[in-house]
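One structure is given here, and the rest of the page talks about it.
Numbering (the numbering used here), first residue to last: 40 to 321.
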């Protein structure tokens, strides 16, 4: 069985690990799905082939080959990618990793999202380093070499990356309509299996249901009800990859009415059952 075509970012870094690194690739006609989301880890994505748009708190910007984006923990972000072949490295780490004396000087820089570009020479060094880092990680993710490569990567990016991509819109975090959604966004950030009806969410935000629906879809690009399902399914995928919790317990923990309904929704979204998904990631 082939690897899943939809890649889910880890929700937390595995115990004892300093970071996680993965390489992701899609052929031109492979399915790709993303939606406005957030996670508890800092995230770098280093693109090899890419064509699309990055949506983040600073606005939105067009993506090009061999650029990178950084999204700090708990910031909403999204990608809209065109149907060409695409590939990237994804590196994620807990914010506490920046307490390392070797990286502490970059803490302030990495407090907000960035879209970074590099000169050709740095691009080559960066992707050689990423390939080496991935190889070392796959052999021994807790090795001293792995840790040093991670520190070198953060240093190289922060010293040579140019955060010069032009934003096309006003930062979404500063929009009055986005701020009105703060109560439900905070609920989503703190509850993996949230079950709040549209009417309840609208009431939390002191908006009418119809206006709440329009504002939510404007910023998250899907209806609220669809987002709620996706939010739970993505958290389910992370739990399947990061823990040994049973499929039944995940279904109930995330508020699905039954394990069979959870399995049906998961298979519709990811094209494989939860158990098959877990097996493919092991």
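C-beta: ideal position from N, C-alpha, C; glycine also.
Predicted, not measured: the structure shown is a model, and the values here were computed from it.
Can you name the start and end residues of the beta strand (DSSP E) that residue 92 belongs to?
-> Note, residue 92: beta strand (DSSP E), 91 to 95.
Can you list, in chain order, the residues of its chain whose CB lies under 8 angstroms from that of residue 106, leaving out five sequence neighbours each side?
-> 86, 89, 154, 155, 156, 157, 204
Inter-residue spacing [alpha-carbon to alpha-carbon] between residue 246 and residue 224 = 14 angstroms
Taking residue 301 and residue 312 to be in contact with their CB atoms under 8 angstroms, please state how far apart those CB atoms are, rounded to whole angstroms.
-> Not confirmed; about 10 angstroms, so no contact.
Contact belief for residue 128 with residue 108 at Cβ below 8 angstroms, rounded distance in angstroms | That belief does not hold up - the Cβ atoms of residue 128 and residue 108 are roughly 12 angstroms apart, past 8 angstroms.
To which residues of the same chain is residue 298 closer than 7 angstroms at the C-beta, ignoring the five residues directly before and after it?
-> When the five nearest sequence neighbours on each side are left out, the beta carbons in the same chain lying within less than 7 angstroms of the beta carbon of residue 298 are those of 286, 287, 290, in order along the chain.
For residue 138, which option in 316, 201, 190 has the closest C-alpha, if you only look at C-alpha atoms?
-> Closest option to residue 138, Cα to Cα, is 190.
Residue 237 and residue 216 look like a contact to me (Cβ under 8 angstroms); what is the Cβ gap, rounded to whole Å?
-> That pair is no contact at about 17 angstroms.
In angstroms, rounded to a whole number, what distance separates the CA positions of residue 317 and residue 279?
-> 5 angstroms
For the segment 61 to 81 and the segment 191 to 198, state whether three or more C-beta atom pairs, one from each stretch, are separated by less than 8 angstroms.
-> no
Determine the extent of the alpha helix (DSSP H) in which residue 10 is found, giving its start and end residues.
-> This structure does not reach residue 10, given that the chain is present from 40 up to 321, and the question cannot be answered.
Proximity of residue 60 and residue 199 at Cβ, strictly below 8 angstroms | Going by C-beta atoms, residue 60 is not nearer than 8 angstroms to residue 199.
Report buried or exposed for residue 11, applying the criterion of at least 16 other Cβ atoms within 10 angstroms of its Cβ.
-> Given that the chain is displayed from residue 40 to residue 321, the structure contains no residue 11 and the question cannot be resolved.
In its own chain, which residues sit with a C-beta less than 7 angstroms from the C-beta of residue 110, not counting the 5 before and 5 after it?
-> 82, 95, 116, 152
Local conformation of residue 301 per DSSP, three classes | Shown here, residue 301 sits in a helix according to DSSP, grouped into three states.
Can you tell me where the alpha helix (DSSP H) with residue 280 in it begins and where it stops?
-> 263 to 281
Out of 56, 170, 159, 161, which has the shortest C-alpha to C-alpha gap to residue 126?
-> 170
Closer than 7 angstroms by C-beta to residue 55: which residues in its own chain qualify, once you throw out the five before and the five after it? Chain order, please.
-> 181
Indicate the three-state DSSP secondary structure (helix, strand or coil) for residue 163 in the structure shown.
-> helix
Give the C-beta separation of residue 232 and residue 292 to the nearest angstrom, bearing in mind that I take them to be a contact with Cβ-Cβ under 8 angstroms.
-> 6 angstroms
So which of 303, 79, 91, 112 has the shortest CA-CA distance to residue 333?
-> As displayed, the chain neither begins before 40 nor continues past 321, which places residue 333 out of reach and without an answer.
Residues of its chain near residue 207, where Cβ-Cβ distance is below 7 angstroms and the 5 sequence neighbours each way are ignored = Bear in mind that the predicted position of residue 207 carries a pLDDT of just 49, short of 50, making it unreliable; the figure below should be weighed with that in mind. Same-chain partners within the cutoff: 98, 99, 100.
Using the C-alpha atoms, what's the distance from residue 146 back to residue 77?
-> 19 angstroms
Compute the Euclidean distance between the alpha carbons of residue 222 and residue 229, then round it to the nearest angstrom.
-> Looking at the two C-alpha atoms, the distance is approximately 11 angstroms.
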